[in-house]
Structure formats: C-alpha cells, structure tokens
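Chemist:
Residue numbers (this note's numbering): 11 to 307.
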C-alpha cells in the first residue's frame, strides 16, 4: 500500500487547532522552463518534478471559469519512492528536505482583518472515493508563537461543470486582531488519496464584514490608535479629502457608526461599545481605500 505524503496533512491538522487575493484569477504564471508556477502562490512542483521525472502537481490550464487560465491540481503517484503526492496550492511557503523527509512551513498573506468567508469556482474528478479539500485560517504571530484565531474547512466532491464553493471562517477568538491569512487547496484527502484525482480552481474571493476585500490594491495611509482602545479611538489620514466616509461594523457586519471623515484626523467615542472585535472601512464614493480592525477593551 502506497504511503501518502503525510507532512501535507500534518500541516493541515496542526493549523486547524474583497475583490480578491493576489492572482486569484490564476492568470499570472512564471515560466520555470520545466513547469509553470502561479504568481504569488506556492506549490509542490519543485519537489514533484524531482521525484516524478519532470511531472508537476499544479499546472496552468486553459479550462477556466473566467479569463484564460485556471490552476489544475493533480494527485501523483511516485512509484520509485512509493509516495502519493496531492496537488497543493497555498499562500504559505514551505521547504522540504528530501534527504531526511523533514519540512518547514509558515507564513501566508499579511492581513490585519478578520475574514467572514471565501468563495470561488472549482471542477473536480476524484478517483474512487477520493475528494478534494479547502482549508483557510488566520492567526497572529506573537514573538514566534502562532496563535490561531479562526479556521474554515470544506470538502469538494466530484463536479464535472464549474461549481461555486463557499468556506466560512469559524472563530476561536474575537479579542485579537490577526496578522496573517492562509488557504490550502488539496486535490486529495488524507484517508483515500488516489493517483489521478484532478481539481481545477479559479476566481477566488475573500469576504470581510466590510464587503469583498481587494488585497492586491495599495491602501491609502491611515493610522488607527490606540489599538486596543478603551474610551476613544483616533483615525489619522495623511491628507484632507472630500466625500470620504468612515464606517464601523461589529462582529456580525452590522453598521455601528457611519460619519464623514473630511479632515486629517477624527476621533470616535467608543465608551458605550461592548468589548470585542470591530471592523472599519474608509471609503471615497463607491471605492474602499482602507479597511482593518480594532479591539475595544
């Protein structure tokens, strides 16, 4: 019986306890001669290419939901090493030492805001009883100690046509602002991974309490302090702006405050707020120019 590449699933297990993400449409790919690699994402391609004579576990596909390309994740069987290697697509970076089978894994996308859900489109053809999966989570790095604040997980069954998926974040704590977000797509599950299972992924979006987040656009400068706050919180911009609006939301996405923010600085009295996690959005017209979170003690 073939061994499954357990370190991938060990990673997932350990981390379980809005227009778009970077390159969420899978249109941008780097050419590494032997294979293509999706910009801003990490895969196992460099490892699989060594183990399986140039084959890769994530490839560029012209079968797309939108645009020209999607990401195609394929589960490979590496006969010589007796491995089954799932196609993995993630925002985190990992390094693997083939000599002793050790690995390191960490990081993700810097994001100081809680995610409500993630959506996207997929197609899947699993071999036998295999299934694909999606894990997302956010955390805060406290001097090298990772504090997981929330996670979401779903299983993807066979779908011959492009089908939308939704993954909701389950929060373990609302009293800490995260600093990192990550998602892991896998073409197989740990128990019944099968060689030849194929997952297509395209058009990924993440949603926050302030709407769909565009993580790839540069935010306008905004200082928010103190954070955590008790009675009063200050928002300071780099300049005066007409038609600029500051909106505050609670954990459930309900609007608590909406006010004009024309001057460089505005102060809010939050003494009557319940303790907890709040989200803000700074907008000019219909465009969100900054968003984030703060804690009321």
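Where a beta carbon is used, it is the ideal one built from N, C-alpha and C, also for glycine.
Owing to the predicted nature of the structure, the values given are computational and were not obtained by experimental measurement.
For the beta strand (DSSP E) that contains residue 88, what are its first and last residues?
Modeler: 86 to 88
Chemist: Are the CB atoms of residue 177 and residue 146 within a distance shorter than 8 Å?
Modeler: yes
Chemist: How long is the line joining the alpha carbons of residue 38 and residue 283, rounded to whole angstroms?
Modeler: For residue 38 and residue 283, the distance between alpha carbons rounds to 44 Å.
Chemist: Just the Cα atoms here: how many angstroms apart are residue 86 and residue 93?
Modeler: 8 Å
Chemist: Measure the alpha-carbon distance for residue 169 versus residue 210 and round it to whole angstroms.
Modeler: Distance between the alpha carbons of residue 169 and residue 210: 10 Å.
Chemist: Which same chain residues end up closer than 7 Å to residue 73 when comparing Cβ atoms and leaving out the 5 residues on each side of it in sequence?
Modeler: A distance below 7 Å between beta-carbons, with the five flanking residues on each side excluded, links residue 73 to the following residues of its chain, in chain order: 80 and 210.
Chemist: When we look at the beta-carbon of residue 186 and count the other beta-carbons within 10 Å, is it buried (16 or more) or exposed?
Modeler: Buried is the call here.
Chemist: For residue 169, which beta-bridge partners are listed by DSSP?
Modeler: 134
Chemist: Taking 8 Å as the threshold (C-beta atoms), are residue 68 and residue 48 in contact?
Modeler: Taking 8 Å as the Cβ cut-off, residue 48 and residue 68 qualify as a contacting pair.
Chemist: How long is the line joining the alpha carbons of residue 258 and residue 141, rounded to whole angstroms?
Modeler: 40 Å
Chemist: Return the CA-CA distance between residue 267 and residue 235, expressed in angstroms with no decimal places.
Modeler: 17 Å
Chemist: Quick check: the Cα distance between residue 5 and residue 182, rounded to an integer number of angstroms?
Modeler: In the structure as shown, the chain begins at 11 and stops at 307. Residue 5 is therefore absent and cannot be evaluated.
Chemist: Within its chain, find whatever has a CB closer than 8 Å to the CB of residue 203; leave out the 5 residues flanking it on each side and keep chain order.
Modeler: The residues are 14, 85, 94, 96 and 140.
Chemist: Could you give the C-beta distance for residue 213 and residue 119, rounded to a whole number, given that I count them as a contact under 8 Å?
Modeler: With 8 Å as the limit, residue 213 and residue 119 do not qualify as a contact, their Cβ atoms being about 17 Å apart.
Chemist: Heavy atom of the ligand MG less than 7 Å from the Cβ of residue 88, yes or no?
Modeler: Within the structure as shown, the ligand MG is missing, as the structure has no ligands at all.
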